[in-house]
Amino acid sequence: MAEQFRYIVIGGGMMGAAAARHLSEQADGVALIGPAEPPDYQAHQGVFASHYDEARITRQFDADPLWASFAARSIERYRDIETRSGIRFYTEAGCLFAGPEPRSASDYLHRAAQVAQVSGLLVEKFEAPQLVSRFPQFSFPPHLFGYYEHVEAGHINPRALVRAQKAIAAEQGGRRINAVVTAVREEGGHVRVETANGLVCQAERVLIAAGAFSNFHNLLPRPLDLRAAPRTVVFFELDEERQARFGSMPSTIVFTEREEDHVYILPPVRYPDGNVYLKLGGDIEAGGFATLDEVRTWFRSSGDPDEARRLVEVALQLMPGLSGCRTTSAPCVATFTPTGRPYAGFQPSSQVAVLTGGNFVAAKSSDELGRLGALLMLNGGLGEEDFGSGMLPLFR
Ligand SMILES: Cc1cc2nc3c(=O)[nH]c(=O)nc-3n(C[C@H](O)[C@H](O)[C@H](O)COP(=O)(O)OP(=O)(O)OC[C@H]3O[C@@H](n4cnc5c(N)ncnc54)[C@H](O)[C@@H]3O)c2cc1C
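Mapping the sequence shown onto our numbering, position 216 (from 1) lands on 222, and the numbers just tick up by one.
See the structure below:
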């Protein structure tokens with residue numbers, strides 16, 4: 007006998023947990039199906055998530071007005087989510103972009119400055135000499151200037167945000183099912199969902215928010231045009247002296263002349279092992295995964311050792327004060343769409359919608375993306391005030 011729900015959200019990650027919260031605020035009969043973070047990655051045979059970490063940059067300064075808007079709408083709700091869940095996840099540490107003067111109108115910083123101006127975003131511009139004196143933690147090349155968003159920006163703890171969303175959803179009556187979905191099928195006016203542990207559920211509508219795993223496990227009749235790509239991060243373990251030295255730095259994104267040297271840097275954050283780490287990652291193109299096994303094998307690794315070495319080198323040039331720190335590395339997976347925008351829509355089905363395609367930037371905006379996922383379930387589509395037509399999923 008199938009368990010009956012009105013709405014099922016598949017994937018309890020950043021977008022799915024947010025969708026379940028928004029949906030359960032407005033409707034009964036909501037279930038969120040997805041597994042918890044595995045305690046032992048090496049032994050884990052199931053799916054993973056891209057939010058298993060303690061820090062993600064949050065900012066509104068963005069070259070794409072759509073992403074800027076999603077971030078703004080999410081950030082203004084952070085404190086309310088913290089209050090309602092009793093779980094802290096947001097640190098308003100500010101966010102700095104440093105880069106060379108734009109050479110053309112298509113340059114990211116030029117476009118982001120324009121979007122900021124139109125939306126009235128408070129961003130301070132630092133010319134090269136002031137940049138160096140204002141942010142003494144860094145040893146920036148002399149030709150870099152900076153845009154600094156000092157309020158309503160900083161970093162969030164993605165694991166804690168997901169916990170907070172799930173806690174509020176549960177309080178609102180949402181049901182949490184700890185399982186991997188292995189089949190989704192439309193039949194006779196409802197959607198049938200099966201899990202690996204033998205559970206069968208039915209719902210009027212289903213939202214698939216399975217991140218990098220959206221194209222696996224028979225969730226969709228056709229694969230999405232979606233690329234799951236490997237990313238490597240390095241962690242610098244900070245002693246007390248360095249915690250003090252780097253403690254007041256903002257979240258930072260550095261564009262240099264060479265594309266391969268672009269990096270993003272998270273200020274010191276305490277991790278579950280009790281140590282404080284400063285994290286750094288890059289955005290080097292490294293192909294994509296073709297099979298479920300490839301993605302899982304990557305999640306069990308320590309990332310790409312060559313990329314980790316390169317990131318350490320770049321970090322030491324930018325922040326020589328990190329010299330001598332113990333470093334470790336970790337893998338993650340970013341999910342890209344050809345449009346650079348998330349997918350949030352039905353098509354071809356009118357009962358099964360998708361919400362995915364974080365494009366490496368969706369953690370900060372996950373609450374708004376979850377709200378859009380909830381609207382899809384409740385209304386059967388998104389209006390243009392929510393950029394609906396810009397996010398229709400594309401299939402292969
Ligand atoms: C290294 C790295 C750094 C990043 N830094 C930033 C940053 O600084 N700022 C920022 O805003 N964004 C950042 N991002 C992006 C951000 O983390 C992702 O966009 C975000 O996690 C995507 O959320 P999601 O819900 O789509 O996927 P996830 O958070 O991965 O959630 C997907 C969920 O689906 C579940 N699932 C999968 N398959 C199934 C199935 N068959 N059945 C049930 N459940 C299933 C998984 O268990 C998982 O919980 C970064 C990403 C990476 C990889």
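Yeah, the Cβ is synthetic: ideal placement off N, Cα and C, and Gly gets one too.
Where Y96 sits in the DSSP three-state scheme: strand
Any non-hydrogen atom of ligand 1 closer than 8 Å to R316 Cβ: No - ligand 1 has no heavy atom lying nearer than 8 Å to the Cβ of R316.
Secondary structure of Q32, DSSP reduced to three states: helix
Residue from Y114, T188 and A202 with nearest C-alpha to F222: T188
Proximity test, F339 beta-carbon vs ligand 1 heavy atom, cut-off 8 Å: What sits at residue 339 in the sequence shown is Val, not Phe. Yes, since a heavy atom of ligand 1 falls inside the 8 Å radius drawn around the Cβ of V339.
CA nearest to the CA of V121, picked from S110, R85, R83 and L72: The candidate whose alpha carbon is nearest that of V121 is L72.
Near ligand 1: M397 beta-carbon under 8 Å from a heavy atom: The beta carbon of M397 sits no closer than 8 Å to any heavy atom of ligand 1.
Where S335 falls: helix, strand or coil (DSSP): strand
Counted within 10 angstroms of its Cβ, other Cβ atoms place T258 as buried (16 or more) or exposed: With 16 or more other Cβ atoms within 10 Å, it is buried.
DSSP-derived helix/strand/coil call for P71: helix
Integer Cβ distance of A176 from R182, believed to fall under 8 Å: 6 Å
Residue closest to P337, alpha-carbon to alpha-carbon, out of F141, A111, L328 and D289: Cα-wise, what sits closest to P337 is D289.
The segment 205-216 in contact with the segment 62-76 per 3-pair CB rule at 8 Å: no
Three CB pairs or more closer than 8 Å across the segment 370-379 and the segment 90-107: no
Residue interval of the alpha helix (DSSP H) (run including E300): First-last of the alpha helix (DSSP H) with E300: L298 to F305.
Three-pair Cβ contact test at 8 Å for the segment 295-303 versus the segment 126-141: no
Limits of the unbroken alpha helix (DSSP H) element including A250: E246 to F252
Per-residue DSSP class, three states only, for I174: helix
Best match in F11, H50 and P147 for proximity to Q323 [C-alpha to C-alpha]: P147
Cβ pair count under 8 Å reaching 3, the segment 248-265 against the segment 342-351: The segment 248-265 vs the segment 342-351: no contact.
Terminal residues of the alpha helix (DSSP H) in which L225 lies: Neither: L225 is in no alpha helix (DSSP H) and is coded neither H nor E.
Proximity of V53 and G100 at Cβ, strictly below 9 Å: No.
Pair within 9 Å by beta-carbon distance, V360 and L244: no
Span of the alpha helix (DSSP H), counted from its first residue to its last, around L115: Y114 to S125
Per-residue burial, A340 [other beta carbons within 10 Å of its own, 16 or more giving buried]: buried
I39 versus E9 - alpha carbon distance: 12 Å
Option in D299, G253, G287 and F342 with minimal Cα separation from R315: G287
Any non-hydrogen atom of ligand 1 within 8 Å of G105 CB: no
Near ligand 1: H28 beta-carbon under 8 Å from a heavy atom: no
K370 beta carbon near ligand 1 (any heavy atom closer than 8 Å): yes
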